[in-house]
Structure formats: structure tokens, C-alpha cells
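Residue numbers (our numbering), protein chains in the order written: chain A, 29 to 972; chain B, 449 to 619.
Think of the CB as a built atom: it goes at the ideal place given N, C-alpha and C, for glycine as much as any other residue.
Accompanying notes for the structure given below.
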Ligand code: SF4
Ligand code: SF4
Ligand code: SF4
Ligand code: SF4
Ligand code: FES
């Protein structure tokens with residue numbers, strides 16, 4: 029700590045900071061542009077000018093940039109010095125010389141950092157009569173809009189896009205005062221973090237193109253804190269609604285989780301929620317599917333309204349009696365949960381059908397993997413780190429997980445992790461402070477810390493890795509076991525030979541991890557291999573023996589997979605949903621309740637058919653899917669609220685339980701959260717204890733009593749009766765407009781706002797106006813700070829935790845001595861089969877998650893599906909080389925796909941890319957399949 | 449007693465004063481041009497809708513009786529998809545007019561808006577839009593804004609230079 033003097037007053041501050049950071053952390057208002065809390069100082073914009081004085085006798089002082097001035101003992105600055113204030117106003121005036129007269133039609137307006145800073149410096153009138161410089165715009169894809177005239181040349185965009193997020197296709201062009209920020213030509217921005225430009229750019233150059241379709245100002249959005257549902261990382265988000273549709277998603281800072289950024293899948297994947305195909309009413313299926321024969325429909329057909337034709341809508345008051353009859357007449361009920369539904373919904377389904385009949389909706393393979401993952405994390409000795417800690421790791425080994433595509437934000441953290449080691453050296457040797465961004469980057473040059481990637485196919489992080497290794501899952505696992513053995517003699521020895529490459533990779537990785545202060549092992553369920561997970565656990569354990577700071581992060585498949593594993597179903601040997609199929613096939617159950625799950629994704633086709641042949645099937649979901657379109661006549665479909673239309677709790681890969689809150693009520697009126705449907709049903713059936721399951725809090729505490737592993741979920745956010753000064757926290761900003769006109773075309777009497785008994789938030793603009801506790805923060809706004817930069821005012825210090833503590837509650841902490849010891853099941857080397865390929869999933873950030881892929885913006889970016897084969901393999905399949913299309917046959921199902929030969933793909937392995945493409949249903953990967961040239965194609969060729 | 453007589457006397461004196469009541473509606477009163485009456489949406493001199501759907505009037509309105517949705521034509525010109533004023537709530541304060549950056553929303557001298565049914569006081573865009581420029585002739589927002597619309601490309605607005613050639617290196 030050092031003492032600095034700001035406008036004559038002494039303050040105790042941290043020494044490793046700069047004065048801009050210090051002023052903002054102290055809550056002062058000092059304008060800035062080029063500085064960004066995550067990307068630090070470059071001193072380019074000259075906006076943060078202050079007067080610095082040598083000592084208390086220095087009355088003259090000199091103008092310096094606060095962001096480039098270290099907080100040293102005795103530093104004296106003045107913000108209020110008239111010369112400094114005039115300087116700042118002049119800087120704004122220069123920036124505004126060429127700024128267009130756009131505010132009313134600019135999507136940044138009302139949350140524009142440039143507007144805020146202009147007002148803050150007091151520059152109000154344009155004095156110049158010169159003509160303004162103009163620029164042409166570019167088409168940058170469906171997500172980000174470009175309006176180059178508004179640029180103030182702060183360089184934040186390229187610093188984020190290239191330096192921070194590793195993008196390569198955004199740059200600065202031109203010379204002197206003609207610089208241009210864009211691509212070398214029109215085209216879609218490549219980085220999966222491009223949407224952050226919208227928040228990073230302090231002006232309206234980069235704006236949200238999806239929001240533009242139904243533009244709404246920030247002050248008109250009804251918002252609530254929420255959690256991203258498009259991967260297992262649990263990024264915190266702020267969805268905003270207007271007129272009954274979700275308009276946009278913004279990042280919600282959480283110091284431990286996503287920090288300042290989210291990926292484009294999270295930002296733009298929400299549009300499915302507004303789909304006209306949403307199930308809006310409870311109905312009985314018409315069963316227009318040819319009986320006994322479930323078709324593999326293409327994605328298009330699945331959403332086709334045709335399927336809904338002939339269905340019978342259940343009227344208000346008919347639903348519960350019908351369900352009561354269904355359940356009353358059942359000879360055994362089975363519940364199939366969902367890793368994308370909330371903890372509460374899964375818990376209540378378990379309660380409805382009884383624990384022995386509740387099957388988490390995992391596929392058999394996934395079930396084993398997720399359970400293993402949770403047991404490694406909770407019973408092993410190695411701690412699972414938060415995303416923030418991962419960004420500070422100084423050596424990383426990735427085993428089997430395609431991070432940028434399955435857990436994008438973790439990819440961003442790893443991009444920061446590779447900077448740690450060289451950065452520490454530069455800070456130590458050259459005495460450059462960490463916030464001096466360009467100096468640090470210049471001193472580091474291209475030097476990177478150790479990142480070792482072992483994955484099935486090439487990926488976007490390969491370029492920054494010190495070592496890459498592409499192999500079949502078994503070989504990746506063997507590599508991991510080898511690294512573990514190199515790190516500790518206690519790890520199991522490993523037999524068999526390794527390639528030269530593998531040996532060097534393993535040795536180098538082991539050395540780097542051993543030398544690191546904060547080594548990190550990353551793996552996950554994405555490779556579909558238990559051995560890979562266990563190998564990662566071994567490496568982490570071996571590291572931990574010598575370094576208690578070692579960390580292990582495992583990526584789960586979906587947003588609540590970990591939560592489900594913590595509450596779900598019988599024992600670790602459970603075969604997931606396959607057990608449910610058995611129960612139906614053996615006649616032990618004839619009624620199935622499926623919660624927010626498409627069983628076509630979890631089961632092979634024959635099993636799906638067996639399951640859906642149950643006498644009665646009840647499905648709760650948001651959108652028609654293959655399960656719903658394959659229901660026989662009379663099955664019940666209930667409309668379930670999607671994430672922003674309900675409240676609940678999700679558990680991320682880190683084991684962090686986080687509450688998401690209802691942003692708005694689904695317009696259909698009959699849509700309800702799944703847990704509410706199930707609660708109503710429990711009450712209706714008069715189940716014991718159901719009368720005390722009224723609110724979300726009661727459901728949570730009942731769940732906590734039954735499953736101590738998730739008891740912490742109760743504390744993830746304040747309870748519904750939480751009040752500040754006797755008031756609820758409003759979901760609408762205090763400037764929300766149109767209250768007395770929005771519904772005036774329907775009725776001139778304004779309705780009473782919706783009551784919300786489940787949360788401390790209200791559907792109104794009335795309530796507590798100050799800063800609520802972090803888990804209830806619905807928007808970032810502070811007087812004078814309308815843009816997202818106001819987040820500075822919500823943190824305990826710039827870049828630190830939100831005031832109080834960052835939201836969420838970790839459910840998995842290591843207890844010290846692990847019960848899980850070394851795994852010894854080492855697979856043999858992978859041997860390609862003569863007539864079959866091991867078909868593995870290859871992920872893509874856009875397309876491998878179904879809900880986001882249904883959103884038009886993201887949908888446009890989903891790559892066309894194909895099968896990736898090693899070049900030699902592809903050539904070895906007769907007739908394939910000129911057909912370019914292959915038939916992949918799993919026996920019970922087959923697919924025709926374009927072939928893409930790839931020299932990086934291991935021999936004998938075929939990758940389906942992007943995993944999750946529409947039409948890929950009824951087969952669980954990895955699986956063995958035959959690959960041939962398609963019949964008719966071959967015939968056509970012969971005819972020619 | 450005395451006070452009653454005083455009052456009677458005052459009334460009596462007033463009998464000989466000049467009458468101020470007029471026989472409305474036969475006789476129309478003088479309404480000054482800055483009167484804050486019925487709100488209209490004006491057009492720009494080219495006949496295009498002046499309102500650019502910036503939402504500033506809506507946020508300025510103290511009773512929140514303006515509601516609109518922005519949309520764009522295929523060339524990027526922004527305008528309101530719907531624009532609704534609930535006159536049964538409006539207090540004719542004129543803040544909306546003051547906030548409007550384009551002179552689109554204007555209060556006029558018409559005050560004869562009474563209705564038997566409150567519903568009829570809800571005006572939609574069709575009811576608000578007039579065919580002229582209203583009180584402010586001449587101004588055309590898109591002529592001074594940097595945004596390009598149909599018929600006005602980058603660099604063609606007032607006070608603009610032609611678009612920069614970013615590949616040029618001349619000083
Ligand atoms: S970038 Fe900000 S200041 Fe510039 S036009 Fe847009 S809202 Fe106005
Ligand atoms: S485009 Fe935005 S972020 Fe980039 S330099 Fe211009 S104003 Fe700054
Ligand atoms: S005159 Fe006042 S109350 Fe009426 S619409 Fe305008 S701002 Fe609202
Ligand atoms: S302030 Fe003017 S331009 Fe903006 S929405 Fe209202 S009427 Fe339209
Ligand atoms: S913020 Fe300090 S110079 Fe830009």
C-alpha cells in the first residue's frame with residue numbers, strides 16, 4: 029500500500045496500480061477511452077489527463093495521463109485543476125470534429141461511453157465549421173454492425189480482438205488521421221468473441237446486429253440477472269426484454285467467472301426463445317407419425333407446423349385432471365431428467381416419480397463420464413479452479429477437449445494463461461508494471477508460456493500452443509498416463525510403445541507442468557472417453573503431489589450436467605437413460621415423463637423406438653424436437669419456459685451453483701417453468717409434503733435437505749423475502765418508458781404488474797434504486813455512466829470482485845485428502861479397424877449446441893455438416909475421392925455427408941462435424957461405423 | 449352584516465364591467481401559436497417521416513404515455529414501426545417536443561380532443577402523422593446525419609467530405 033494525494037487528499041492505495049485505475053476504484057469520475065480494465069493502459073487517447081505535482085510546494089505541475097502514471101508513494105495529482113479540465117474538454121472536442129450527427133439513429137445512444145464522457149467534460153457546442161471526414165462501412169456478418177464514421181480511434185477494438193482474443197481478421201488500415209478499423213474486405217468476423225466489440229467499442233462503430241432488427245434502448249429493457257445456458261461454463265449474462273420478446277444479451281461481470289466478456293454463442297444464441305414455433309399451449313399429440321415407425325426427420329421438418337396439425341389443445345383447467353388420470357392409470361412411471369433444465373425441475377421430477385424411477389437424461393456414455401467427472405472433482409485431492417484462476421495459470425495441459433468449441437470462454441482464459449509466464453519474467457526483469465500493456469507486449473514479443481494441446485483434430489488454440497498432438501481418444505489418454513508417470517513415480521507405469529512425437533510431447537509437457545507455479549490440467553467429457561478423464565485426473569494428482577497449487581478443470585457437456593449428477597438417480601453404475609428404456613421394454617413402466625430433453629440425442633434409434641412405445645409419454649419442452657414429433661396419438665406436451673422466462677439454479681463445470689431469474693413472462697401465458705408444472709402436479713396429486721413446495725425457495729430447501737451435495741444452491745442468491753429498505757429490486761430501469769401506452773391499444777387501464785413470489789425482484793420500475801447485492805444486479809448503470817463502463821462502480825476495486833462477493837456458490841470443494849487415488853485402467857494403443865471407423869464428435873462453437881443453433885443469427889454461421897477423415901483414409905475408400913460424399917452406416921441409422929480430408933485427423937478415426945447438426949439424431953457418439961461411397965452415387969457413376 | 453353588504457356591492461359593481469366569457473364554440477378564442485395542444489408527427493420537407501424512432505420523447509415523457517418500436521427500411525433509414533400516444537394520460541407538458549432531435553413530434557394549437565370513450569384517446573401513428581413539416585419548415589435530419597439512406601450515400605450529407613480511400617498514403 030502507498031499513499032497518494034488526489035486533489036490534496038491522501039488515500040491509501042495498492043502500489044501496482046495506475047492512477048486512472050486508482051481514481052476509478054475510489055469512485056471518482058475521470059474520463060477515459062483507450063484504457064480498458066481487462067486490457068489496461070496504452071496512453072493513446074489522451075482523455076484521462078490530470079495535473080501531477082512534484083511535491084506539496086509544486087504549484088505549477090504538469091499534465092500527465094493518469095492511466096500511464098504509476099501509483100507510487102507520494103504521487104500527487106489533481107483532477108479538478110482548471111488546466112487539466114480544459115485539456116480534457118479539448119480532447120473531446122477534437123474527437124468530435126469528425127463525429128457524425130448520429131445519436132438519434134445510433135444503437136449506442138443511451139449507453140454510449142462517448143456520450144457520457146462528452147457530458148462529463150462539459151463539451152457542449154460544436155465550434156468548427158469544417159467538413160467532416162467520412163468512411164464506407166463493411167459487412168461483418170450477421171452479428172456485428174459496422175458504422176465507421178463514429179470511430180474515435182481509441183484502438184480498443186483491435187486490442188481486444190487481436191491482442192486479447194487472438195483474432196486475426198480485424199485490423200487498422202490507412203494513415204495519419206484516416207485510420208480505418210475493419211477487415212481487409214467485407215466478410216464475417218472469424219472470432220467467436222466478435223460480439224464483445226459491441227461492449228468494448230466506446231462508440232457506435234460496432235453495434236449489435238441482432239438487436240438492430242428490433243432495436244430497443246437500454247433504458248427500455250426489462251432485465252434480470254441470468255446465466256448462459258449454451259455451455260457448461262456458467263457465464264453470467266443480462267438478457268433484456270421489450271414488448272414480450274427477448275431483445276438482446278449483455279455480459280454480466282462476475283470476477284470469478286466470465287469477467288468482462290462472453291462468447292458469441294452466449295450473446296446471440298437466445299433468439300430461439302422468440303421463435304414462432306415455440307410450444308405455447310399444452311396439447312395432446314395427434315400422432316401423425318406412421319405408427320411403430322419413428323422417422324429420422326431433418327431439422328427443418330422437426331419444427332414444421334405440420335406436425336402440430338391435428339393436435340388437441342388442452343384448455344385451462346383440463347391439464348391437471350388429464351395428467352392426474354395419466355398418472356393414476358400408470359403401471360409404473362419413469363422420469364427422464366435433463367442436463368439443460370434447472371436443478372429445481374430435475375429435483376421435482378425425481379420427487380414425482382420416486383428416486384428409483386428418475387433417470388437423469390444423460391446418454392449411457394455421458395452418464396458414466398459426468399459421474400466420473402464429479403467424483404474426480406469432489407473426491408480427488410485436486411482443486412477445480414474458477415475461470416479467473418485459469419486465466420492466471422502459467423502452464424496448461426489440455427487433454428482431449430476441444431476447448432474453443434465446447435467451452436469458448438475457457439478458450440479465452442487459456443489465451444490469457446499463455447501470457448502469464450513471459451509476462452511475469454518481463455515484470456520481474458524489466459520492472460515494467462503489469463498495466464503498461466504495450467510495453468509488456470513489446471517486451472514479450474511472440475514469447476508464450478507453455479500450453480500443450482492433445483485433441484482429436486486441429487483447433488483454434490493450436491496456433492498458440494507450445495505442443496500439439498492429434499490422436500484417437502485412447503491414444504490421448506495414454507499420453508496423459510505417460511505425463512502422469514513422468515511427474516510422479518506413484519502414478520501407474522504404462523506399457524507399450526509411443527511414437528517419437530508422443531514421447532517428446534509428453535516429456536516437454538511434464539517438464540513445463542513441473543516447473544510451473546500454477547499448473548493447470550484441462551479435460552472434459554467432449555472426447556467421450558472415460559480413459560481421457562482418468563488420465564487427466566492422474567496428471568493433476570501427480571502434479572499435486574509436488575505442488576499444492578495444481579488445478580484440474582473438467583468441462584461438462586451442458587449447462588447443468590454437474591448439477592444433475594449431484595442430485596440424480598441411482599448410483600454411479602447407472603446407465604443413464606438406457607435403464608429407462610429397459611424398464612419400459614420389460615414392462616416395469618408404461619408411462620414416461622420427459623423433461624426438456626430430446627431423447628434422440630441420448631439414445632440409439634432402436635432404443636428411442638422402444639422408449640417412445642410406452643403407453644403414455646409426457647414431454648415438457650420449449651420447441652418441437654424429434655421426440656415431440658415422434659409421439660404417438662394422445663401423448664401430452666406441456667409448454668416449458670425457456671431460461672429467460674423462468675427462475676432456477678444451474679451448476680457449472682466449476683461446480684458453481686448460480687441462480688438465473690425470470691426476465692419476463694412468456695407471452696403465451698400458459699407457458700410455465702418446468703418445475704412449476706411439476707409442482708402443480710405434485711400438489712394436485714396430494715403427494716405428502718407437496719403443500720410446502722409453494723415457492724422456489726421452498727423447493728430449493730427441500731432439495732437441499734434431500735441432497736446435501738446441493739445444499740449450497742440455497743445460498744447462491746438471496747431468498748424471495750429479501751428486501752432492501754423494505755423494497756424489492758426492480759427489473760425495469762427507473763427511466764423505463766411507455767408504461768401507460770404499451771398496452772393502451774388493448775386496454776386503457778394499465779394492468780397490475782405481475783407478482784413474483786419466487787424472487788426478490790419485481791416486474792416494475794418501482795423499488796430500491798441503489799445498487800442491489802451482486803446476485804440481484806439486473807443492469808450496470810450509475811449516475812453519469814450510462815454505458816457498460818459503469819461496471820467500475822459495482823466492483824470493490826477495478827477488475828476485482830463485485831461489491832460484497834461475486835455471485836454463485838461453489839458446491840464442490842476438495843476436502844484435502846482425496847478418496848479417489850490413481851486410476852490404473854490404461855487403454856491399449858488405438859488400432860484402426862479394417863472395415864470400420866471410430867466415429868467421434870467434432871464440435872463447432874456454432875452448431876454443436878442445439879438451442880443456439882436454432883437462433884437465426886448463429887444459425888447463419890453453422891458450418892455445413894461433413895465427415896472429416898484422414899487424407900490417406902479418405903483416399904483408401906474406393907470411389908470416395910471423386911464422389912466427395914460418403915455414407916456413414918451405424919447399422920440402425922445411416923447418414924450421407926460430404927467428406928473433408930484432413931491431414932491432422934488420426935488414422936482410423938472419422939469425425940462428424942459439427943456435432944449436433946440437424947439430422948444427426950438417434951446415434952450416440954463415439955461409435956463404430958462403416959464408411960462407404962453412397963450406393964446410388966456409385967451406381968450413377970457406373971452408368972456414366 | 450357589513451360583510452354581506454360589501455359582497456353584494458361588489459357583485460353589483462361587476463354588472464357594469466366588460467364581459468370576458470365568450471360563446472364557445474360559436475365564437476373561437478385566440479390560441480397563441482406556442483399553445484401546447486394535440487400532438488402530431490411531422491414529415492420532413494421531402495415528405496418522408498421525420499421521426500427516426502430514437503425513443504427520446506418516450507423517455508422524456510413524465511407520464512410515460514408514448515410507446516413506439518424502431519424499425520428500418522432496406523436502406524437503413526430508421527422510422528417507427530408503430531407510434532402510440534395515450535392522450536388520456538398526456539398532461540401536455542411539451543417535454544416530448546423539447547426532447548425530439550428531429551422536430552418530428554410537435555404540440556399544436558388544437559385542443560378540441562374530447563371523447564366520450566377513453567379508448568378513443570389512444571392515437572396511433574396513422575392518427576398522429578400529418579403531411580407537412582408543422583412548425584419547423586426546412587429541417588431534414590437525414591441530410592445532416594452521417595447514416596446513409598436511400599438516395600444519400602456516405603459523404604453526401606451536408607458538411608461532409610467524400611469517403612476516405614483507406615489505401616491512399618498521401619499526407
Ligand atoms: S457513438 Fe455515441 S456519441 Fe456517437 S452517435 Fe452513437 S450514441 Fe452518439
Ligand atoms: S472502432 Fe470503436 S473501439 Fe475501435 S478504435 Fe474506433 S472507437 Fe475505438
Ligand atoms: S406532452 Fe408531456 S405528457 Fe404529453 S406526451 Fe409529451 S411528454 Fe408526454
Ligand atoms: S423524439 Fe422525435 S425522432 Fe425521437 S422517437 Fe420521438 S418523435 Fe421520433
Ligand atoms: S485512457 Fe489514459 S490516455 Fe487513454
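Contact belief for residue i with residue j at Cβ below 8 Å, rounded distance in angstroms
i	j	result
residue 689 of chain A	residue 132 of chain A	About 32 Å separates the two Cβ atoms, so there is no contact after all.
residue 665 of chain A	residue 313 of chain A	6 Å
residue 896 of chain A	residue 938 of chain A	7 Å
residue 184 of chain A	residue 198 of chain A	About 11 Å; that fails the 8 Å criterion.
residue 499 of chain A	residue 860 of chain A	In fact, because the Cβ distance is near 12 Å, the residues do not count as touching under 8 Å.
residue 632 of chain A	residue 554 of chain A	Incorrect: roughly 20 Å between the Cβ atoms, too far for contact.
residue 535 of chain B	residue 489 of chain B	Contact flag wrong, Cβ pair sits at about 14 Å.
residue 506 of chain B	residue 514 of chain B	4 Å
N- and C-terminal bounds of the beta strand (DSSP E) containing residue i
i	result
residue 667 of chain A	664-667
residue 173 of chain A	172-174
residue 817 of chain A	Residue 817 of chain A -> no beta strand (DSSP E), and no H or E assigned at all.
residue 267 of chain A	264-270
residue 566 of chain A	Element bounds for residue 566 of chain A: not the beta strand (DSSP E) but the alpha helix (DSSP H), 558-574.
Closer than 7 Å: residue i CB and nearest ligand 4 heavy atom
i	result
residue 503 of chain B	yes
residue 5 of chain A	Beyond the ends of chain A as shown, which are 29 and 972, falls residue 5 of chain A; an answer cannot be given.
residue 140 of chain A	no
residue 132 of chain A	yes
residue 547 of chain B	yes
Ligand 5 heavy atom lying under 7 Å from the CB of residue i
i	result
residue 62 of chain A	yes
residue 486 of chain B	no
residue 187 of chain A	no
residue 73 of chain A	yes
residue 76 of chain A	yes
residue 124 of chain A	no
residue 93 of chain A	yes
Residue i Cβ short of 7 Å to ligand 3 heavy atom set
i	result
residue 508 of chain B	yes
residue 533 of chain B	yes
residue 221 of chain A	no
residue 542 of chain B	yes
residue 870 of chain A	no
residue 259 of chain A	no
Residues bridged to residue i (per DSSP)
i	result
residue 913 of chain A	A/926
residue 619 of chain A	A/361, A/644
residue 758 of chain A	A/790
residue 834 of chain A	Answer is none; residue 834 of chain A lacks a bridge partner.
residue 279 of chain A	A/265
residue 481 of chain A	A/426, A/496
residue 206 of chain A	Bridge partners of residue 206 of chain A: none, in fact.
residue 941 of chain A	A/894
residue 649 of chain A	A/667
Residue i, enclosing alpha helix (DSSP H) - first and last residue
i	result
residue 903 of chain A	899-904
residue 236 of chain A	Not the alpha helix (DSSP H): residue 236 of chain A falls in the beta strand (DSSP E), residues 234-236.
residue 47 of chain A	47-53
Residue i Cβ short of 7 Å to ligand 2 heavy atom set
i	result
residue 551 of chain B	no
residue 410 of chain A	no
Closer than 9 Å, Cβ to any Cβ of chain B: which residues of the region 224-245 of chain A, in chain order?
240, 241, 242, 243, 244, 245
Identify each residue in the region 539-552 of chain B for which the Cβ-Cβ distance to at least one residue of chain A is less than 7 Å, and report them in chain order.
Listed in sequence order: 549, 550.
Return the residues of the region 460-494 of chain B that lie within a Cβ-Cβ distance of less than 8 Å from chain A, sorted by chain order.
Going along the region 460-494 of chain B in chain order, one finds no residue with a Cβ nearer than 8 Å to chain A.
Members of the region 498-516 of chain B near chain A, C-beta cut-off 8 Å
500, 501, 502, 503, 504, 506, 507, 509, 511, 512, 513, 514, 515, 516
Contact list for the region 141-173 of chain A against chain B, Cβ threshold 7 Å
159, 160, 161, 162, 163, 164
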